[in-house]
Every structure is written in structure tokens, then in C-alpha cells.
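Take a look at the structure below.
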Amino acid sequence: MASGDKLFLKGNEAIARGALAAGCQCFFGYPITPQNDIPEYLSKALPDRGGAFVQAESEVAAANMLLGATACGVRAMTSSSSPGISLKQEAISYMAGSELPAIIVNMNRGGPGLGDIGPSQGDYFQSTRGGGHGDYRLLVLAPATCQEAYDLTRESFDLAFQYRNPVMILGDAILGQMKEPVLTAPDRPADPAEARDWSLDGAVGRGPRLLKSLFLQDGALADQNRMLQAKYEAMRAEVRWECFETEDAELVVCAYGTIARIAKSAIRKLRKKGLKVGLFRPITLYPFPSEALAKLVKPGRKFLTVEQNLGQMVEDVRLSLCGLATSEFFSIYPGNLPVPDDFDEPIARALGL
Amino acid sequence: MASGDKLFLKGNEAIARGALAAGCQCFFGYPITPQNDIPEYLSKALPDRGGAFVQAESEVAAANMLLGATACGVRAMTSSSSPGISLKQEAISYMAGSELPAIIVNMNRGGPGLGDIGPSQGDYFQSTRGGGHGDYRLLVLAPATCQEAYDLTRESFDLAFQYRNPVMILGDAILGQMKEPVLTAPDRPADPAEARDWSLDGAVGRGPRLLKSLFLQDGALADQNRMLQAKYEAMRAEVRWECFETEDAELVVCAYGTIARIAKSAIRKLRKKGLKVGLFRPITLYPFPSEALAKLVKPGRKFLTVEQNLGQMVEDVRLSLCGLATSEFFSIYPGNLPVPDDFDEPIARALGL
Amino acid sequence: MSRIEIREDRCKGCLLCTTVCPKEIIKQADRFNQHGYKPAEVPAGDMKKCTGCASCATICPDVAITVYKTKKKAKKGASHG
Amino acid sequence: MSRIEIREDRCKGCLLCTTVCPKEIIKQADRFNQHGYKPAEVPAGDMKKCTGCASCATICPDVAITVYKTKKKAKKGASHG
Amino acid sequence: MYQDEELVFSCPQVVADRPTHYCPGCHHGVAHRLVGELLEEMGLVEKTIMVTAIGCSVFLYNYLLVDAVEAPHGRAPAVATGVKRAKPDKFVFTYQGDGDLASIGMAEIMHCANRGERVSVVFVNNTVYGMTGGQMAPTTLIGQKTTTCPGGRCAEREGMPIKMAEIIASLGGSAYVARTALNNVKNINKTKKCLRKAFEVQTSGLGFGFVEVLSACPTNWKMSAIKANERIANEMIPYFPLGVFKDATADVTGEAAGKGEEGK
Amino acid sequence: MYQDEELVFSCPQVVADRPTHYCPGCHHGVAHRLVGELLEEMGLVEKTIMVTAIGCSVFLYNYLLVDAVEAPHGRAPAVATGVKRAKPDKFVFTYQGDGDLASIGMAEIMHCANRGERVSVVFVNNTVYGMTGGQMAPTTLIGQKTTTCPGGRCAEREGMPIKMAEIIASLGGSAYVARTALNNVKNINKTKKCLRKAFEVQTSGLGFGFVEVLSACPTNWKMSAIKANERIANEMIPYFPLGVFKDATADVTGEAAGKGEEGK
Amino acid sequence: MSLYQDVIIAGFGGQGVLLIGNLLAYAGMNQGLNVTYIPVYGAEMRGGTANCTVVLSEEEIGSPVIHRPLSTIIMNRPSLDKFQSRLVDGGVQIVNTSLVDMDLAEQGRIRSVPVAAGEISDKLGDTRMANMVALGAYIQATGVLPLQAVIDSLVNVISASYKHMIPKNAAAIEAGAKAAQ
Amino acid sequence: MSLYQDVIIAGFGGQGVLLIGNLLAYAGMNQGLNVTYIPVYGAEMRGGTANCTVVLSEEEIGSPVIHRPLSTIIMNRPSLDKFQSRLVDGGVQIVNTSLVDMDLAEQGRIRSVPVAAGEISDKLGDTRMANMVALGAYIQATGVLPLQAVIDSLVNVISASYKHMIPKNAAAIEAGAKAAQ
Ligand SMILES: Cc1ncc(C[n+]2csc(CCOP(=O)(O)OP(=O)(O)O)c2C)c(N)n1
Ligand SMILES: Cc1ncc(C[n+]2csc(CCOP(=O)(O)OP(=O)(O)O)c2C)c(N)n1
Ligand code: SF4
Ligand code: SF4
Ligand code: SF4
Ligand code: SF4
Ligand code: SF4
Ligand code: SF4
Ligand SMILES: [Mg+2]
Ligand SMILES: [Mg+2]
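Residue numbers (my numbering), protein chains in the order written: chain V, 1 to 353; chain D, 354 to 706; chain H, 707 to 787; chain P, 788 to 868; chain A, 869 to 1132; chain U, 1133 to 1396; chain F, 1397 to 1577; chain C, 1578 to 1758.
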């Protein structure tokens, strides 16, 4: 596919194509709704390009195959949806601990348990605070459109290698299943040297290398954690967010992903009715754009966090507002399909109308 | 063992005996340091009492065996340590979604990844915010002594059945391995009727029962989530905490588990030097004792959260303080063994000395 | 004499029953049922050929077929399948 | 003539080597090494009985034994194990 | 029913009187009915705790009116172990697809069988992931096209289709293991007999019972139900031979008893 | 070394010159050395990416000086799959214990073998969880006491010890499968030959290679190293028969070639 | 106000409702509009029904999922039962009278447009083009896009190997439009 | 100040350091003190060394893990290398001179108490009681508990089937105490 084409793509397909544009060479997955289009697309596209597609025996195995491939410094990815992502938590913790640049896509569906196959933001905590054990952070990117799904996936590989850290793309069932026009961008393939200093390729002309997360000697794990923490601090440079109509807003709605785009529709509608409402949309969920949000604090200005869960990102919003302001919370329950009208009442209430 | 005996027990053994005192009938586990004494003890004790001990093929299987046993309304438990708990996340999400009264013990070790086998509090987020997918909460109990390990385990079964919700006991490598005198308490066995209304035992004289977490119909999952949320609200009645020398404290140290007991030593020492320092120790990590903590806010009083991780509970502390106060954070890195002396400097710094 | 009853609303028109009837009396109807399937039916007049062998019912994935047999005096009732 | 060298600091005193020596010349020493093990040794004088068969070295889990053989003229060097 | 008639065949009571969500010609419906009939005939309805798996049959609990618990994908054998150990006097069975049992659930089925848990497993092998829309399964035949092996499964890259019945039979704890098919009336009747045996080794405490049932998924095979049944005969059975791979009752009750069962 | 001497036996270079953390008489050390010798003899040292597992051999990377990645417990075959698919021209092997491979990692080893991944597996079966202090493993013998079957393993409750070599040999993708032991010099030498074959089926692209190595854990068996070796002969080998269960090279290069290898 | 239209297209699995949803979306995209398309998917499909939602707008589109649509294309009876009541007041409902009894279609609160998509398609010599007929009727009834834009977009949804079918499909669209005049 | 004492007991795996740690802790508990006992465990054990830490206190005990102990019992050379420098100034170090060269033991900054635990134990007719000898020396040197309290607690750590060994162990404790007088 020549770059620069405008295509009509499902979010899932946009992610798959974004990965290809970034030079992704290996994909390891296991079927689960609503992300099957990603492995299905890549099961053809990757072998066609000399890459490897493996349908693993499980999500656990898929994540560990990813661990193996990324240890070789190869651009590689897995994708799944909520229950499958839970199964990957052990390996994700290992990859973070071993500093492997893996890409993990979660097309969040309703939970807990088997839940449903509809959209949900119930995995925010899991994504941003490490559902796995120990202290680690993923760089978490939350696209709201198919275009962004393409662009952010394409970039995610660069970020993963730059920080030697796993990156998560957090979408949801709606983003994965909807189609929108997507302008494809030039390929952004791997720098052939990007993993030269640490990856495994047979110890030729150098001592053997070791990628591990076990640190048993006194203080060794502490050193490792200190180093990781410094890296997470450095990752703050990657914060991304969108402000929409916040300039004169009396109320700033905080929302991400699909919910943010629906909120935007609602805000447009309410603006036409004269209500001064704006939107703050984090694009990186970790690092969370705390400073950008804190800068929006103004006397009298109110905040309302809307999520399709029981209240998760709202904690980051409140922590960011540093006690200078607080945020109301409105929950769209996973299991309900969110529509712009849902926002009218909570916004009115938050505005004190 | 007659109740009321004073025994010299490892924390792990205290947990195993607490479970027996609560009428635990089934245990499903998989070996992992530093919690092996729990399955080892129960592998003899349970069959001796007509109960079932199964060494599962993996932590994934162990958690799912627990799901099966608790679906029958039987008191049952699993235990593991960090990497193993990560593997249990999918099943934990299912058990929460299916409202099963399972007991899960995590003797937290150092992470991320394989980490080490020393103590850590790196799994606080995972425990309190659901490492698994979807919105769910565990009731999380954090003992600091072997006595508390015994008592809280014994109680945890009652709580699990009362709320029909999984309960997690969160200890660490030190608590599990250390021995202390433990006063055993009278047995607190199951009320034979406690699961009569919902558990599976063959549909005799009633319609069939179903325990599941799949809710596919429009709005059904939303209703389920609404119901779960109401339950989590109700669980707030269970908050437990300890205040030590907080009355006149200029600085309140917030810490839980092993770190809290070590902090207490440090505080005792500093009190003797005339420093006005106190301790706030959450015993339930979820529900977090936010109100109790908020009540400690006083003009000029400072807060310092100390954890053996990169900063996790400190978010709950800050959220609890509601912007009326904030908390400094001091990290003891997993991989370093914490000792009371470690607290002197950060406390002095927090006091502005 | 035997006969079958096909619950039309339960039939999905898979036609498996048509392949196993020794008398080949089961056909697909032309109409759609409420679920959008063209159900199986035994054209009027053909039913008398039915032997009550229950092959059609055995293979029907939707348990849409009930089979009846005229009672014979001395024999015991057969069980399912 | 052949001989073995036991790296005393690497020996864990498991005594497996003593069970395979065809000449039964390997014995356990009375002293402890730095790791607290009583190492294997060939008592002075017995070494000349060694055939260089390398059985001891093959079974030693700690690769603590090196085996030397006096060169024979015409033969090629044997490889490991 | 007319006065002079007798009912030769009807839906068992334990099978709910409601339309299923299955595609036309899907064999899950047949398997459900057979299980339901046996639970009634063996007097197990009120003793049963059913463990459902994730796959097209995830709604099994809507169709079989017995106590049920939903297991995470692949973990039904572990859940069944928990149920049985907690309630040894109940009748416990799992109902699993090939993705569920032979892929993600491989460790659980192997160990459940090896431990000889007194549970029964109905294994519906349709060589594809039905519910998720037709991806490759471990049992997908060589050359078979699926959404994740669009060029057809290739032994070199994806390995050979896995033969679960043979593997399970090789484990110490299995007491009865058979493979049957649902593609014609004879095989359906045979399947019922094998399922009965698999249930009996549980009720008699002999061990683990396992029946692999070759089944059609016309939708994901992209063929009519009739063609799908032909495919079972022409492609599946030649690779997955039907038969009884292990029968502990044969040793215990003698060949004759076994035969007697067949002759029933 | 004296002038007129030749070195008959010494530590291979790829094996690090440092004391191991293993208990006295533990066979891990022997297995390490054999692998190291083969990597050198086969010229693979600089082509190797080793996948270590969790168990007493978790520090293998301290002893074998090749590129290595640490897999989570049980998942080494999946990690190896990822490595090999990313770098098909490298030599990839896993080194796993019986808890790792036959218990938690059952699904991964089965599918890795079934896919016929071009990797080799060194499977150290010591019938116990060594590292965690002696719990029951899937290979624990009947009657053997461990910390989690303190009365001895009982077939009724815990099932029979699992025979991995036989199971792996029954899968389509395996090209070479053998079981050997390390309890005496003859068996050690035989083990090396089998490992060589398992490595060769990888380097020649034939498929998956697997050697189950019966090994001693004197510590958790609570016996001396010498008694432990006797136990292998008297208790383990009778239950876990030694031998080659599958050898694809036999078909390909003919029996003679196989024999030639033996006679070397 | 700027152009905005949304539609739910619903019918049996085999009726090609997803295809015409895609076609409509492509036509909108080719006209330079913002568009979203979303199908229902997964286990829900097994029931034998299918539906999708298309939104066409000059502004950035918020939700691709519409609970109360401005218009619908109803290809069978279960779809009528499910979606008619959700249609906004004044909305447009295309009813495939070949499978749906027009008596059941509301008139007044909404505007129900009958089209005998099956029969018309049959007459064109191919029963399987009822979907195109219905789409033609929809375009005619709503005027959301030029008919030609839809016809021109057939190339986007009909695979190369079926290219010869494009004229037939175009004819079906036109026939549908005519029927709805 | 109220009573507080902590000790690290270290040696080879087979020397029974965990047993005397337990014994000391039981003795403390039986005396009504707060006590904690913690061993090192897991993979570290494989190296062939073992150690444990016991804390005895009238106050609630904070950390059961001590980085800079008030006292140590050093049963072998690696333990000396590891723990001597960690001992606080003025601390007490019991040195098993049967395996450790007394020349390596610091004197001055700390108080090193030699005890030929091996030989003394040998003389009592059982080499395996060197640990008890060392504990006796420790009790004598620190006075943390009455010797009899330790002897009385032997029943807590010696299993019923080895009850006949109690007098021998008691004798070893007493011999150790005497050697450290
Ligand atoms: C952990 C997890 N992974 C994946 C899925 C998605 N999933 C649902 S059913 C299924 C497989 C169904 O295939 P099979 O077991 O063969 O049953 P069938 O539908 O063919 O009867 C999968 C992968 C899930 N629900 N959970
Ligand atoms: C997920 C997980 N579960 C459990 C463990 C703990 N663990 C470490 S090694 C091991 C088993 C070791 O046994 P085996 O594989 O037989 O190797 P051996 O030590 O006997 O050589 C276990 C269970 C772990 N590290 N990770
Ligand atoms: S019962 Fe037998 S004969 Fe009668 S319709 Fe059915 S298959 Fe035909
Ligand atoms: S087999 Fe059943 S569902 Fe299929 S056509 Fe016949 S009656 Fe209908
Ligand atoms: S080389 Fe052979 S003969 Fe020499 S010491 Fe070793 S085993 Fe004995
Ligand atoms: S086999 Fe090796 S480690 Fe064992 S005693 Fe002999 S030299 Fe020492
Ligand atoms: S997809 Fe296949 S298995 Fe699922 S219901 Fe349809 S035919 Fe049956
Ligand atoms: S515990 Fe067993 S396997 Fe582990 S090092 Fe010791 S002897 Fe070897
Ligand atoms: Mg299937
Ligand atoms: Mg082992």
C-alpha cells in the first residue's frame, strides 16, 4: 500500500497497518473479540513481507513469544482484549523488568470476568498502574479515532525502543470495530541499529548478553528499580493531550478514547446552546498529562471526569489538580453503549444548572 | 490444636492455621517462594480433617479450582506470591464478576518480573485496583504481625461470604518467613447456611442456578456493574486502621504491613528523642480508611507515606487528604531490606529538620 | 402409522433431516419463518409414508422434530434415540 | 602414566567420583575447604595407578577434575568425554 | 398426541424449550440433546454441576437446566476439579470446544486427566474457533483455510492437527476415552453410548471420562450443513479416527459387560 | 600440564570458571557441561540464544557463556518460539526442570513441540521442585515423599507420574525425542549423544528436539549423592524407560548414519 | 446547520446489510464528508440478524454508535421490531415490504417508505440485490448524497473479481431510488 | 531502657544455626518477652550457608530483620566475612574457633568471644552439638536470658522422638556457657 493513501479502515485494521508501517516483523496473538481483525489482517500481511505471524496457544504464550522476539531487538507486537490482557500480566511485568520494547494492544471490552464484548474503559487501572506484580509502568497511548489508532501505533514502536519499555495501545470495542477514513503516512521502519547495544543475536566478537529481571544479590533489585524509576521520570517527556474549547470553559470535561470523542460531540452541541464547556483529552494515559491539566485550573472553573467505568482515570485527574480544584465523576457503565445525549445531564449538573 | 494456645508461628503458618480455624475446606496452590509453608502445612492438615488439598498444575489452574470450589459455597483458599498472583488475575476478575467468596493470599516479593524473593509492597496497586480487567474490587487485608496474619485470615472468610466477594490477604516475604508468638483463637467455622441461597449443589427442589460473569444483553452488564459498585460502597463499613501516637504528632507517617511495624520502631525511637511523630496504619487497603485519615488533618500537621515500592498507596493517602493536606513520599526500594534506621532521615526531612 | 411434527419456529432450515429420511418425505418449504429461515416440512399426503424411525429427529440440531408412532399392542415403549 | 587434578575449592565432596574410579584411588579428605565441604583427593602415592579413563571427571557435577595422560607417540588426541 | 399414538422422540425435559443461538446445522445442538437425555436417563439431573466453557457453547446454561458455573476460557477442567473436590458426591462435567480445550486449556485438560479427577469431559471438536469468527484451532486440518491461516493450515509453520483423544488416553488417570462424530444417525447414536460410558466411569468412581466429538461448524467452514456433514466423513474421520481409546470398565467388568452396553 | 602430557578432560571454555550454586551431587552441573561441550564441538557458541527457565537452573546464564534470555516459569518454549521466529538462523534451546516443563509449562511445551518449532529442549527431570524446596512435581514417583505430598504421592489423589518424552514423541512436530539419565558414566555419555541429535535436528531444520534427562536432586530426595544415583537406577529408570522415542533423522539419513553416530 | 445524517441498516445475516452500509460510507467519504461505519459483531451475530450504523457529517463525528437514529433501513421483521421505536420523531424508515408487512410500519410520527426490494431485485434477475434496491430507496428518500456518488463507490466495495457485477448493482440502486420517488 | 537484644546466627547449612535460633526465640517467648525469628531462605540457601536473626524485646518489635546487629554467633569463616563488619560498635561476636581463625576476629571495636564449639561438642561425644555449645557461650557472654530458660525450652525445638537427646543438648549448652566465662 503506497503511503499517503486515504483508506476507509476499521480501527483494528488501522492498528495492524500502523504496525506494518513501523516495520513490525513479528506478531503473536490469540483470538478474542473485539480485536480479531488485527491478527487476521497480519496473518496474511506479515508472512507476505517475510515477517512472522504466530497464533499462540494462549495469551500467556503470545506474551512470552513477544518477550522472546523483542529480546532479539526485533519490532514485535501482540494484541488482545481484556481477559486476554489479564493473562499477559505476568509476562508484561517480566518485559518491563527486562526492559523489552514490546507493543501490547488492548481493545478493552466490558468486564469484570467474561463481561461482554462491548466497549469499556474498565482496564485503565490495569494499564496505567501495572496489572502485573511489582513496580513498573507502561507507556499507555489511547487513540480516539481510527486515524489516531494508525498514527499512534506507528509511533509506539519508536517510543518502545527509545525507552526500552513496553508500550500499550489502549482502545476499545468501538474503536476496533468502527471504520473511518485514515490517511496513511510514510513508512517509519526500524533504525537497523536501534537495538544493537543490548539485543541478543549470538555473542559474536563480544561477551554474552543477558536479558533478565532476576536480581538476587543484596541491593541489586533496588538498583534496578531505581534505574527503572528514572526511566519512568524521563518518559514524562512524552505526555500528549488535546484541549478542545477549554479557553473560556466554565467546565472542563476530562475523558479519553472513544468516550472523549463522544463527549466532544456533546460539547459541540452544548456550545451551540451557549454552555461554556470544554474538553481535556489525555492521549498518553501514562505518563498522565498532569501538568497540562493543572494549568487549566482557574478560579471558578469546574472539572468533570467521564469514563466508561466505575471511576479510574478520575483518580489521576484529582491527583493532577493538586487540591487546587477537584473533579466530579460521571460513570457510563460498561454494558451501556455511550451516546452524546448521556452527557447532557451530568454536564448540566456539574455546571450547577 | 486447642484454641487459646500461644504458639510460635511463622506468618505463613499463622495464615494456614487461621484458615483452618475458619473452617477452610479446600486449598489450591502452586509452589512459589516465599509462601510455600502455607501449602506445605495444609497439604497435611487439610486431608487429615477431611478437606481437600490440591497442588495445581499452575497458578492459573489453582485460581480456577478456587473458582469452582467457591461456586459450591465451600470455604476455600489459594495462596501465592507476586508472579503467581499476576497469573491469577483473569480468574480473580471472573470470581469478582461472579461474586464468589474466595480467599487469595499474596506474600508479596520483589518485582517487577522475577525480581527477588525478598519483601516488597510493589503489588499494592494490583491488589487494590484490580490487576485483572474490568471494574472490580477485592477486600484487601494487610497484616503486620503473625498474630494479625492469623486473626485476619480467620476473619477473611466471614467477610468473603458476607459480601460474596473475593478477599485478598496481602503480606510480604518478611511476614511470611518470620516467627512470632501467636495466640490462637476459637474456631470460627462456616455457618452451614451461609451459601444456601446461591451456591451450586445440584438443582434439587428448585430451579437450576448459574454463576457467571457474562452479561451480553443490552444493559445487563451495566446493571451488574451498578450492583457491584453498590456492594463496594457497602464494603466501606469494613475499614480498619491503627493510629499510633498520632494525638500530638506534627508528622503522621502512613505505612502498612511490615513497613508499618518497622516504622513504628523508628517512631518509638524518635519519640524518645522528643520528635512528635505518629503512625497511621491502614489494615484494610481496600476499602482504604480515607475518612479516618482525613480526620487526622490539622493545621500544620504533615504527612509522610513510606512504602517499599516506588509510590503506590501514597495515591490513596493523597486522595484521602482531599487537598486539605498532602503527603510526602519516601520509597524503600524492593531489593533493599528495610530497617528502622532507614526512616530517620526521611522523617527528619519531612519535619523540616 | 407414524408421523412427525416439525416446530416451524424452531427449524433453521439446515436440511439435515432431509438427508436421513429413508422415505425422503422431508422437503424445504418456500416460506420464511419468523427467524428468516425456510423451514423443513413434509408435504401434505407424504406423511403416511413415515415409518417413525426418528432418524430425522436424531439428526436435527435444533430438536425441532417430534416423532409419534401408532401404538402396537404387545410392544413396550421405545426410549429416546 | 596419567593423573588427575582436583580443584579443591570447586569440589563439593559429593563423592560421586569415588564410585566410578576403576582403580578406587579417590578418597574424601578430612579437612574442610573454604565452602565447608570435605573435598575428594587422591592420597599421595596412589596417583600412579590412574589410567586416565576420565570417568571421575565425567561424573563430577562440578567440573572439578582435570585429567592428563602422558603422550603416546602415534595416537591422536582424544576429545572430551 | 393422538390417543392411539405413542411418543417416539421428543425433546428431553432438562433441555430448555427455547430456540438456540446456534447457526443452522451446528452440531452443538445435537451434543446438548445427547447430554440432556443421558442426564435424565441416568438420574443425574439433580446431582449435576455443569462447568461451561467459552466458545459458541458459552450459553449452554441457557439450554441445559442444571446447576452451572462458567469457567474462564480453557480452564473448565480446573474449575471442574475445584467443584468435584469441594463436592465429591456431585456429578460434574465440562463441555468444551477445541480452541478451549486443546489450545489455551491444554495444561488444564492434561493435568485434570492425569490426576484422574472424577469428572467427565464433552469435547466438541469442530476444527475451528467458532465463536470468535473462524480462526485456526489446534485441530484445524492441514490445508483448511481459516481467518488466521488464510492460505490453509501448513504443517511446516503451524504443525499437525492435534489428536486429543489419543493423548488423553495415554495419561494415567483417564478411565474412558473415545472419539465419535455427529455427522450421521449411526454416529450420533454411537456418541450417546460413549458419553454414557464416560459418565459412568465418573459415577462408579473409576476415573476421568473423555469423549471427543467430531462436529460441524458450517458457518466457519463456509459450507452448507449437508456439505459439512460430508466433510466430517471425508476429511475429519480419516485424520481423527473414531473409536474407543481406553476403557477401564473393560478390565473391571469384563468384555461381556462392555459388549452388553453396546447391544442395548 | 607437564610437557609430555596431553589434556584428556577439562572444563569447556563456554562453561564459566566459577563455582556453581548447586548442592553437592546435583546433576544440573553435569547437564550444563554436556551442553557446553556440544555447543563448542558443534561450533554453535556464537550462534546460540539460550532460553533459561525458572528452577534451580535459573542461574544457568552464570555458567554457560552465551546470549541468554530469562523466561517466566514454564514459558521457555514460548519465549524460544519468539526468539526463533525473530531470528530463524540462530541456534535456540531451552533448559527446563520438571516443574517448569511438565506442570505450569505443559501447554507451552506441547504446542511448541506440536508446531515443530526448530528449537531444542533440555528437560531435566529430577522428580521434584528443587528450587522452591522440594514440593511434588508431575514426575514425582508414586510413594515418593515431598513437602506437599508428605505421605508419599498417591495415584488415586495425585495421579501417575507423567511421561513427557512419550507424550512429546506422539506429537507431529517433534523430530527427535529421547530419555536418558545422568546417574553413571555410560548414561552421561549416552546423554551427550542424544543431546547432539536433538541439537542436530534443529540445525538441519528437521524439527523440534527434546531430551528428557533423569537427574538427581540429593537435597530434596534427602539422600547422599551416591544413594541418589542408585535411586535413579532402581526407581526412576524402571518407571521412566530410557531410549530414543522418535528420530526423524533415521528416516532421512538412514539407519546406518544413525548407527555411525552411536559408534563415534 | 451543517450536514449530518445517521442510519441503522438491519436485516438477516445473508441480506447484505453490512455491504450497503459500507457502500454508503464510502460514498460519503468520496464526497469529502466525515464518515463512520460500525457493525454489530461477535456472539450477537449468531442469532441470524445483522445490523450496522453509518454516520455522515460535515463536522468531526463523535459517536459512531447511535441509539436513536435519524433514519433506518429495515430489511426484515425482527429489525422492524427492534429499531422502529428507536427512530427519532420525523425520522425516515425504509421498509423492505418483501419481508415486512407494511401495516406494522408507523406512519405520522415517522416517515415510513415502502420498497419491495425482493421483488424488484428478482425482476432485475438476481434476488441477492435487494440490499442495493433498499439503499437506492434510502438515498432517494433522504437525499443525503447524490445517487451517482453511491453508484460510483460500488468499485470500493465490490472486489475486483466481481467487477462485472457493478452495472447490475447500479441498476438495482437506481431501481430502488425510482421505487421511492 | 527496656530489654532489647538482637542476634544474627550464621554458619554452614548443616550446623544447626536455625535450630539454635529457634531455641533462643522460644526461650525468650517462654520468659514473656516479645520475640521474632527470621531465617534467610530460598535460593540463597543453595550456596551452603544459612543464617537467622532473633530479636528479643520487652517492647513491641518492629523489624525482625537487622542490618547492623547487636550480637552475632559466627559458626564458620564465610559468616565472619559477611557479618563481622556489620556488628555495631561494642557488639558481641561469638566465634566458633573450631572453624574460624581467631586472628581474623576483631577485638576492641567489638567484643569477640572465642569458643571451640567443635572440640567441646566432640568431647561430649557428639560433633553435631557444636551449635548448642555456641549458644551456651552466647547466653553466657550477653546474659540476655537465664541459661536455664534456654535449657528448659529445648522441649520446644526437639521433636518428641528425639526427647532422649535433651540432656545431652543441655550439657552442651552448659559446656558452652562455661567456656565463655
Ligand atoms: C482468555 C480468553 N481468550 C480468548 C477468548 C475469546 N474466545 C471466546 S470463545 C473462543 C474460542 C472458541 O473456540 P472453540 O473452543 O473451538 O469453541 P467453538 O466456538 O468452536 O465451539 C475464544 C478464543 C476469551 N473469551 N477469553
Ligand atoms: C509463576 C511462578 N510460579 C512459581 C514460581 C516459583 N518457582 C521457582 S522454580 C519452581 C520450580 C522448580 O522446579 P523444577 O522446574 O522441577 O526445577 P528444579 O529446581 O527441580 O531444577 C517454582 C515453582 C515462579 N518463579 N513463578
Ligand atoms: S421418522 Fe423416519 S421416516 Fe418419518 S419423517 Fe423422520 S426420518 Fe422420515
Ligand atoms: S434438521 Fe431440524 S432444523 Fe434442520 S431443517 Fe430439519 S427440522 Fe429444520
Ligand atoms: S581418570 Fe579414571 S583412573 Fe584416574 S582417577 Fe579418574 S576415574 Fe580413576
Ligand atoms: S565428583 Fe567432583 S565435586 Fe564430587 S567429590 Fe568428586 S571432585 Fe568433588
Ligand atoms: S459458528 Fe460454528 S460452532 Fe458456532 S454456532 Fe455457528 S456453526 Fe456452531
Ligand atoms: S535443590 Fe536439588 S536440583 Fe536444586 S541445586 Fe540442590 S540438588 Fe540440585
Ligand atoms: Mg471449535
Ligand atoms: Mg525438578
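The beta carbon of each residue, even a glycine, is placed where N, CA and C say it ideally should be.
In chain A, what lies closer than 7 Å to R716 (chain H) by C-beta? P887
Can you determine whether any heavy atom of ligand 3 sits closer than 7 Å to the C-beta of K729 (chain H), and answer yes or no? yes
Between F361 (chain D) and chain C, is any beta-carbon pair separated by less than 8 Å? yes
Burial state of E148 (chain V) (16 or more Cβ within 10 Å): buried
Got a sec, what are the start and stop residues for the alpha helix (DSSP H) D151 (chain V) sits in? Under the DSSP assignment, D151 (chain V) falls in the alpha helix (DSSP H) whose first and last residues are 146–163.
Looking at the structure shown, is L875 (chain A) part of a helix, part of a strand, or coil, going by DSSP? Of the three classes helix, strand and coil, the one that applies to L875 (chain A) here is strand, per DSSP.
Output the distance between the C-alpha atoms of N1088 (chain A) and Y1107 (chain A), rounded to the nearest integer angstrom. 19 Å
Can you tell which of V:T153, V:Q312, V:P338, V:I347 has its C-alpha closest to the C-alpha of C24 (chain V)? V:T153
Distance, Cα to Cα, V140 (chain V) vs G998 (chain A)? 32 Å
Cβ neighbour criterion (16 or more within 10 Å) applied to P186 (chain V): exposed
Taking just the CA atoms, how far does Y1534 (chain F) sit from D342 (chain V)? Between the alpha carbons of D342 (chain V) and Y1534 (chain F) lies a distance of about 28 Å.
Contacts around P940 (chain A), its chain only, beta-carbon distance under 6 Å, and the 5 residues preceding and following it disregarded: none
Within its chain, find whatever has a CB closer than 8 Å to the CB of M1561 (chain F); leave out the 5 residues flanking it on each side and keep chain order. I1554
Taking 8 Å as the CB-CB cut-off, is N389 (chain D) touching chain U? yes
Is V1013 (chain A) a contact residue of ligand 4, with contact defined as CB to any heavy atom under 7 Å? Looking at the sequence shown, residue 1013 (chain A) is not Val but Lys. No - ligand 4 has no heavy atom lying nearer than 7 Å to the Cβ of K1013 (chain A).
Can you check whether the C-beta of S1302 (chain U) is within less than 8 Å of a C-beta belonging to chain A? yes
Which residue's Cα is closest to the Cα of A948 (chain A): A:S971, A:G984, A:A970? A:G984
Contact criterion: CB-CB distance below 8 Å. Does R1524 (chain F) meet it with respect to chain H? no
Going straight from the alpha carbon of V416 (chain V) to that of C26 (chain V), what length do you get? Since the first residue shown for chain V is 1 and the last is 353, residue 416 (chain V) is missing from the structure and cannot be characterised.
Beta-carbon neighbours of C891 (chain A), restricted to chain V and to distances below 9 Å: Chain V residues near C891 (chain A): none, gap ~16 Å exceeds 9 Å.
Give the residues of chain U in contact with T386 (chain D), contact being defined as C-beta atoms less than 9 Å apart. M1263, T1264, G1265
Work out the CA separation of Y686 (chain D) and K272 (chain V) for me, nearest whole Å. 53 Å
Between the alpha carbons of G1578 (chain F) and L1415 (chain F), how many angstroms are there, rounded? The question about residue 1578 (chain F) has no answer, for chain F in this structure spans 1397 to 1577.
What residues are listed by DSSP as bridge partners for C1085 (chain A)? Its beta-bridge partners do not exist; DSSP assigns none.
Might you give, ordered along the chain, the residues of its own chain that have their beta carbon closer than 8 Å to the beta carbon of S411 (chain D), omitting 5 neighbours on each side? Around S411 (chain D): Y383, L440.
Alpha carbon to alpha carbon, what distance is there between P809 (chain P) and L1171 (chain U)? 30 Å
Rounded C-alpha distance that separates R209 (chain V) from L1176 (chain U): 15 Å
Sub-8 Å separation of E242 (chain V) and I283 (chain V) beta-carbons: yes
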